[in-house]
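Novice: All letters in the sequence shown, in the order written, are residues 0 to 397 by numbering that gives the first Met the number 0.
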Amino acid sequence: MIDNNSTPIGINMDEETLTTDNDGDDSESVETERDGKKRKNTKLDLKKFKEEYDKMIDENKWTLSCSGRKVEDVLYILCHSFVVDPWDTTYLTKSVFTKAEIDEIKTWKQKGYPVPEEKCLQYLNQYKQIKNATEARRMIFKAQGWDEDFDRNTNHDLDWIRHSYYTMIRELERGGVDDHTNSETWLLSHIWTSVDRVFDDMELYVLRGENASAASSSRKNKERVPQGEEKLERKRMGRRLDMILRKKKLELGGGEAGKEMDDNDAKLLRERDIKLPKALKDMMMMLKKEKGDIEGVRIAGLLQYGLKMTSITLDVPEKYAHRITRTQNVLVPYTFEDLPNFRKVLYMALSNKAIVLDTLHLLSTPAQDEEVGYDDLSGVMEPPEEDSYQLPDTFSSQ
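1) Within 10 Å of its beta-carbon, does W159 have 16 or more other beta-carbons around it, so buried, or fewer, so exposed?
2) In angstroms, rounded to a whole number, what distance separates the CA positions of A132 and M308?
3) Which residues does DSSP list as the beta-bridge partners of L330?
4) Give, in chain order, every unbroken run of the beta strand (DSSP E) that is at least 3 residues long and sits entirely within the stretch 261 to 286.
5) By how many angstroms is the C-alpha of E381 removed from the C-alpha of R325?
6) Under three-state DSSP, which class holds Y405?
7) Cutting at 8 Å between CB atoms, please list the residues of its own chain near M167, excluding the five before and the five after it.
8) Would the stretch 43 to 61 count as touching the stretch 309 to 318 if we require 3 or more Cβ pairs under 8 Å?
9) Report buried or exposed for G254, applying the criterion of at least 16 other Cβ atoms within 10 angstroms of its Cβ.
10) Taking the continuous beta strand (DSSP E) assigned at T89, which residues delimit it?
11) Which residue's Cα is closest to the Cα of Q143: K127, Q121, Q128 and S163?
12) Check each candidate in W191, L45, D314 and E100 and name the one with the smallest Cα separation from D281.
13) In the DSSP output, what is L302 paired with across the bridge?
14) Below 8 Å between beta carbons: does that hold for I298 and L279?
15) Would you kindly work out how many angstroms separate the C-alpha atoms of R68 and K110, rounded to a whole number?
16) Report the option in A135, D156, R136 and R137 whose CA atom is closest to the CA atom of W145.
17) So what's I129 in DSSP terms, helix, strand or just coil?
18) Assuming A256 and Y304 are in contact, meaning their beta carbons sit under 8 Å apart, how far apart are those beta carbons, in whole angstroms?
19) The beta strand (DSSP E) with L240 in it runs from where to where?
20) Taking 8 Å as the CB-CB limit, is G291 close to chain C?
21) So, for L187: in the same chain, excluding its five sequence neighbours on each side, which residues have a beta-carbon less than 7 Å away from its beta-carbon?
22) CB of D57 to nearest heavy atom of the ligand FAD: below 7 Å?
23) Quick one: what's got a C-beta closer than 6 Å to P85's C-beta in the same chain, skipping five residues either side?
24) Using a Cβ-Cβ cut-off of 6 Å (strictly less than) and excluding sequence neighbours within five positions of V197, which residues of its own chain qualify?
25) Of the residues E71, D150 and E209, which one's Cα is nearest the Cα of E270?
26) Assign D34 to one of two classes, buried (16 or more other C-beta atoms within 10 Å of its C-beta) or exposed (fewer than that).
27) Does E116 come out as helix, strand or coil in the three-state DSSP assignment?
28) Just to confirm before moving on: does the CB-CB distance between H179 and E259 stay below 8 Å?
29) Put M380 into one of helix, strand or coil per three-state DSSP.
30) With distances taken Cα to Cα, identify the nearest neighbour of E71 among T88, L286, K266 and D53.
31) Check whether the Cβ atoms of I346 and P113 sit closer than 8 Å, and answer yes or no.
32) Spatial neighbours of S165 within its chain, please: C-beta separation below 6 Å, excluding the five flanking residues on both sides.
33) Opposite R322 in the DSSP bridges: which residues?
34) Quick check on R238: buried or exposed, where buried means 16 or more other Cβ atoms within 10 Å of its Cβ?
35) For C65 and L301, what's the separation of their Cα atoms in angstroms?
36) Give the DSSP-derived three-state secondary structure of T153 in the structure shown.
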């Protein structure tokens, strides 16, 4: 992840601070003037960034087999974040990584996106050829084997597919789905609510409407302690997201949404390439803090702008650097002719749900000790030790 507006390649680490365009974060900021316009910038602590980098154990860094280079070393020279996004074309155009290195970063310990259950795929395919309201309603109300003695625990997703199609059909009959004046609020309540409801059978909350991330707040207030006679500083609010998947105090995913916009729109680029990846990293760090082992854990992210949706995930392939993985866009249909493509939207939602379920399973599975005994109890009264595998906690804007 490269913030092209903030950190040039080869930054001078002798400087203590650097400023970057503020992306809505409430971290320490200063006002500067550029092109005759005042801009709110975030103050970046390069000294702290170097300290975090120096803590890393060299053999625990992500070493690329094709070149022998370490990902963290490259990112340290390049930018202010240890989040690597191999889909960022800047890496190639600026000769940061080679094509072979990018390919290895994309695939190393990559779990891939989960495939929904076979019964869901079969039911989705029953809608493959449907392109008008009459046929769609006939399929929706067609009796299915799982209708008899319906079991929500085993057939929730099938019922969700049916409900999503019924909701979509009503919107298409109403018309105006692709109206460019549709607000973000309208899109969330009329279109993307179906995606939210895929999680209805899980013990978590789907928070919408610019909610503050608890994980982001935890990171920002990490060093908030009484300083002698000085007044305790105000608790800082977490990064606001348009969607947060929260189970008690843990956050398992997030998303950004908005009206339809061009692919090169500044707001879209900022939220897609900077804001959401940073927020997902905060969530991963919170899981690391609460649960310890995060091997194989992924944080799910969704971007919903206009009628387009894309998915990103964040994981930690080795000990330090975080990796972003992206998918293609899927498009919500705005005519009955395009209704078969709605299957792709529902497929992406089911796949992201499977990622969240997999993460919950990994977090709830206790580590298996090699020997059965009580030695693991002896250290509970010892002073805390610094975790040498701690995920890098970079700048306050991160």
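Virtual Cβ for every residue (Gly too), placed ideally from N, Cα, C.
Specialist: In terms of the structure at hand:
1) Taking the first residue of the sequence shown as position 1, residue 159 is located at position 160. Classification of W159: buried, given that the 10 Å Cβ count is 16 or more.
2) To locate residue 132, count along the sequence shown from 1; it is residue 133. To locate residue 308, count along the sequence shown from 1; it is residue 309. Whole-angstrom Cα-Cα distance: 24 Å.
3) Counting from 1 along the sequence shown, the entry for residue 330 is found at position 331. K307.
4) none
5) The sequence position of residue 325 within the sequence shown is 326, counting from 1. The sequence position of residue 381 within the sequence shown is 382, counting from 1. Their Cα atoms are separated by approximately 43 Å.
6) In the structure as shown, the chain begins at 0 and stops at 397. Residue 405 is therefore absent and cannot be evaluated.
7) On the sequence shown, position 168 is the one that residue 167 refers to. Closer than 8 Å at the Cβ level, and outside the excluded window around M167, lie S193, V331, P332, L338 and F341.
8) yes
9) Indexing the sequence shown from 1 puts residue 254 at position 255. Buried.
10) Your numbering for residue 89 matches position 90 in the sequence shown. Note, T89: premise wrong, no beta strand (DSSP E); alpha helix (DSSP H) at T89 to T92.
11) The residue you call residue 143 lines up with position 144 of the sequence shown. Residue Q121 is the option with its Cα nearest to Q143.
12) One-based indexing of the sequence shown puts residue 281 at position 282. Nearest option by C-alpha distance: D314.
13) Indexing the sequence shown from 1 puts residue 302 at position 303. Beta-bridge pairing links L302 to E255 and T309.
14) Sequence index remark: in the sequence shown, residue 298 carries index 299 (1-based). Sequence index remark: in the sequence shown, residue 279 carries index 280 (1-based). Contact: yes.
15) Here residue 68 corresponds to residue number 69 of the sequence shown, with the count starting at 1. Here residue 110 corresponds to residue number 111 of the sequence shown, with the count starting at 1. Cα-Cα distance, rounded: 23 Å.
16) For the purposes of this step, residue 145 is taken as residue 146 along the sequence shown, with counting starting at 1. Comparing Cα positions, the closest option is D156.
17) Numbered from 1 along the sequence shown, position 130 holds the residue referred to as residue 129. Three-state result, I129: coil.
18) As a first step, residue 256 must be located in the sequence shown, where it is residue number 257. As a first step, residue 304 must be located in the sequence shown, where it is residue number 305. Confirmed, about 7 Å.
19) To locate residue 240, count along the sequence shown from 1; it is residue 241. Element bounds for L240: R239 to K246.
20) Any reference to chain C falls outside this structure, which holds one protein chain only.
21) Taking the first residue of the sequence shown as position 1, residue 187 is located at position 188. Same-chain partners within the cutoff: R207 and A256.
22) This structure lacks the ligand FAD, and indeed carries no ligand of any kind.
23) By one-based count along the sequence shown, residue 85 stands at place 86. I101, I104 and K105, listed in sequence order.
24) Along the sequence shown, one-based indexing puts residue 197 at 198. Once the five neighbours on either side are set aside, the close Cβ partners of V197 are W159, A348 and K352.
25) Sequence index remark: in the sequence shown, residue 270 carries index 271 (1-based). When each option's Cα is compared against that of E270, the closest is E209.
26) Within the sequence shown, residue 34 is the residue found at index 35, counting from 1. Confidence in D34 is poor, its pLDDT being 46 and thus under 50, which makes the residue's placement unreliable; the coordinate value appears in the next sentence. With fewer than 16 Cβ atoms within 10 Å of its Cβ, D34 is classed as exposed.
27) For the purposes of this step, residue 116 is taken as residue 117 along the sequence shown, with counting starting at 1. Three-state result, E116: coil.
28) Indexing the sequence shown from 1 puts residue 179 at position 180. Indexing the sequence shown from 1 puts residue 259 at position 260. Cβ distance < 8 Å, so H179 and E259 count as in contact.
29) The residue labelled residue 380 in the question sits at position 381 within the sequence shown. Residue state, collapsed to three classes: coil.
30) Along the sequence shown, read from residue 1 onward, the residue named residue 71 stands at position 72. Of T88, L286, K266 and D53, the residue nearest in Cα terms is D53.
31) The residue given as residue 346 occupies position 347 in the sequence shown. The residue given as residue 113 occupies position 114 in the sequence shown. Sequence inspection shows Tyr at residue 346; the Ile mentioned does not correspond to that position. In this structure, P113 does not lie closer than 8 Å to Y346 by Cβ.
32) What you label residue 165 is simply residue 166 of the sequence shown in a count that begins at 1. According to the sequence shown, residue 165 is Tyr rather than Ser. The answer, listed in chain order, is I139.
33) As a working mapping, residue 322 is identified with position 323 in the sequence shown. Paired residue(s): V83 and D314.
34) As a working note, residue 238 is residue 239 in the sequence shown. Classification of R238: buried, given that the 10 Å Cβ count is 16 or more.
35) As a position in the sequence shown, residue 65 is number 66, starting the count at 1. As a position in the sequence shown, residue 301 is number 302, starting the count at 1. The alpha-carbon atoms of C65 and L301 are separated by roughly 32 Å.
36) For the purposes of this step, residue 153 is taken as residue 154 along the sequence shown, with counting starting at 1. It is helical.
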